[in-house]
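Visitor:
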Amino acid sequence: MEFQHREIPLYYQLENILREKIRSGELSQGEKLPTENELIEQYGVSRTTVRQALAALVKEGILERVAGRGTFVKRVPSPDETIRLTGFIDGLSSAVGTRSEILDARFVSAPAKEAEALHIGPGDRVWRLKRIRYVQEAPYAYTESYLPADVGERLTGEDLSRPLLRLLEERGGIRLGEASAVIAGALADASIASVLSTKVGAPLLLIETTFSDVRDRPVQFVRGFYRSDLYRFKIHLTHQLVGDARRWRYHITSIETPSE
Numbered sequence: 107m108e109f110q111h112r113e114i115p116l117y118y119q120l121e122n123i124l125r126e127k128i129r130s131g132e133l134s135q136g137e138k139l140p141t142e143n144e145l146i147e148q149y150g151v152s153r154t155t156v157r158q159a160l161a162a163l164v165k166e167g168i169l170e171r172v173a174g175r176g177t178f179v180k181r182v183p184s185p186d187e188t189i190r191l192t193g194f195i196d197g198l199s200s201a202v203g204t205r206s207e208i209l210d211a212r213f214v215s216a217p218a219k220e221a222e223a224l225h226i227g228p229g230d231r232v233w234r235l236k237r238i239r240y241v242q243e244a245p246y247a248y249t250e251s252y253l254p255a256d257v258g259e260r261l262t263g264e265d266l267s268r269p270l271l272r273l274l275e276e277r278g279g280i281r282l283g284e285a286s287a288v289i290a291g292a293l294a295d296a297s298i299a300s301v302l303s304t305k306v307g308a309p310l311l312l313i314e315t316t317f318s319d320v321r322d323r324p325v326q327f328v329r330g331f332y333r334s335d336l337y338r339f340k341i342h343l344t345h346q347l348v349g350d351a352r353r354w355r356y357h358i359t360s361i362e363t364p365s366e
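According to our numbering, the residues represented by the sequence shown are 107 to 366, in order.
Written as C-alpha cells, this is what we have:
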C-alpha cells in the first residue's frame, strides 16, 4: 500500500489506517488483527513502524494484546475519533527540509491573553518557548509557545528542537485530546520582520492554537506568525456517513512551499 503524506511519520499513518478499518467495521470488535509479519507485508513498512502503530492503539484502549494469542480489537472508536492530534502537527515540524531554531526558553509571568487560553490567572508562572522555523533554510515561521508551569517543568533538559507535542506525549506524560485554532491575517511589525527576513508590513498568517489533554485541560497555547509566501495549508475533506446523516470531515495533511 502507498502512503500518501511523506511529511507525516509512517507509524502515524498506519495507526490511522487501522483505526479507520476498525471504525468502519472492516475490523470488528473482538476480531484478531493480522500478525506483525502480515502487516509488514501488507503495508510495506518496517517492524518498528508496525509496533509503534499498534502500541499507540493499545494505549488508546482500541486494541488489546492477549499473551500467546495476538492483538485484538477491544473497542470501536466513535465517529468523532479521527486522525490523532499529533499526526498532522508533527508533520509540520518534521517535513523534509525543515528545522527549528530555539531563541529563548524560560519561565515568565503569563500575559492576560495567554493566561485566559490556559485557564490560569494573569501573572501566573508559565513556561515560554520562542522558536524560528525554517524551510530550505528560509525562515517561514516565528512561534511563541506557552505551557502551564507544571507542564513546562517536565520538559526541562529535553531536546527542544524536537516537535513539542511529541515531547509532551513521550516525555511529559500528557495524553493529548483536542486543539482549537484561530487563523487570521496580520502584518509584520519591525521585530517579526527582522526574525522572518521580510519587510515591515509584509502579509503574514497569524495562527493561535490551544491544545488540551484528554481531560480538557489546556496544556499549550501557541501563537505563530507565518510568511504567506512560504506557508500554506493543504486540507483534505471526506464526505462520510455519520449516524443517519452525511457530514464533511477534514484534516490538515501537509504544509506546502513554492519549492515543492
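Note that beta-carbon positions come from the ideal geometry of N, C-alpha and C, so glycine has one too.
None of these values were measured; they are calculated from a predicted model.
1) Who are the near neighbours of Y117 in its chain, counting only those whose CB is closer than 6 Å to its CB and skipping five residues on each side?
2) From the DSSP output, read off the bridge partner residues of S286.
3) Between which two residues does the alpha helix (DSSP H) harbouring T304 extend?
4) Short of 6 Å in beta carbon distance, which residues of its chain neighbour L139, apart from the five on each side in sequence? Order them along the chain.
5) State whether the region 232-245 contacts the region 253-270, with contact taken as three or more CB pairs (one from each stretch) at a distance under 8 Å.
6) Out of S206, F317, I298 and S318, which one is the CA nearest neighbour of W310?
7) Tell me which residues share the same chain as A216 and place their Cβ nearer than 8 Å to its Cβ, disregarding the 5 neighbours each side in the sequence.
8) Going by DSSP, what residue range makes up the alpha helix (DSSP H) through V156?
9) Is it right to say I208 is buried, meaning 16 or more other beta carbons lie within 10 angstroms of its own, or is it exposed?
10) Please go through the same chain and pick out, in chain order, the residues whose beta-carbon is closer than 6 Å to the beta-carbon of E137, but skip the five residues on each side of it.
11) Can you grab the Cα-Cα spacing for the pair F331 / A247, in whole Å?
12) Could you have a look at L293 and say whether DSSP puts it in helix, strand or coil?
13) Give the list of continuous beta strand (DSSP E) stretches no shorter than 3 residues that lie fully inside the region 231-279.
14) Assuming I168 is part of the beta strand (DSSP E), what are its boundary residues?
15) Taking DSSP's pairing of strands, which residues face T204 in a bridge?
16) Is L124 closer than 9 Å to L133 when the C-beta atoms are compared?
17) Over the uninterrupted alpha helix (DSSP H) stretch that includes Q148, give me the two end residues.
18) Quick one: Cα of A162 to Cα of R129, how far?
19) Would you mind reading off the limits of the alpha helix (DSSP H) that contains T129?
Guide: Checking against the coordinates, here is how it stands:
1) Correct list, in chain order: T155, Q158 and A159.
2) Checking the DSSP bridge columns, you'll see S286 partnered with T316.
3) According to the DSSP assignment, T304 belongs to no alpha helix (DSSP H), since it is labelled neither H nor E.
4) Hits under 6 Å: T177.
5) Yes, since at least three Cβ pairs between the region 232-245 and the region 253-270 fall closer than 8 Å, the two stretches touch.
6) A small fix is needed here, since residue 310 is Leu in this sequence, not Trp. The closest CA to that of L310, considering only S206, F317, I298 and S318, is found on I298.
7) Closer than 8 Å at Cβ, skipping near neighbours: L224, I226, G227, P228, G229, D230, R231, V232 and Y252.
8) Residues R153 to K165.
9) With fewer than 16 Cβ atoms within 10 Å of its Cβ, I208 is classed as exposed.
10) The beta carbon of E137 sits closer than 6 Å to the beta carbons of V179 from its chain, once the five residues preceding and following it are set aside; these are given in chain order.
11) So the two alpha carbons sit approximately 5 Å from each other.
12) In this structure, L293 counts as strand in the three-state DSSP scheme.
13) Contiguous beta strand (DSSP E) elements confined to the region 231-279 occur at 231-241 and 244-254, taking only those with 3 or more residues.
14) Segment: none, I168 is in no beta strand (DSSP E) and carries neither H nor E.
15) Beta-bridge pairing links T204 to V241.
16) For L133 and L124, yes; Cβs fall inside 9 Å.
17) Taken as a continuous stretch (DSSP letters only), the alpha helix (DSSP H) holding Q148 covers E142 to Y149.
18) Annotation: A162 to R129 spans about 16 Å, alpha carbon to alpha carbon.
19) Note that residue 129 corresponds to Arg in the displayed sequence, not to Thr. Looking at the DSSP string, the run of the alpha helix (DSSP H) that includes R129 is L116 to S130.
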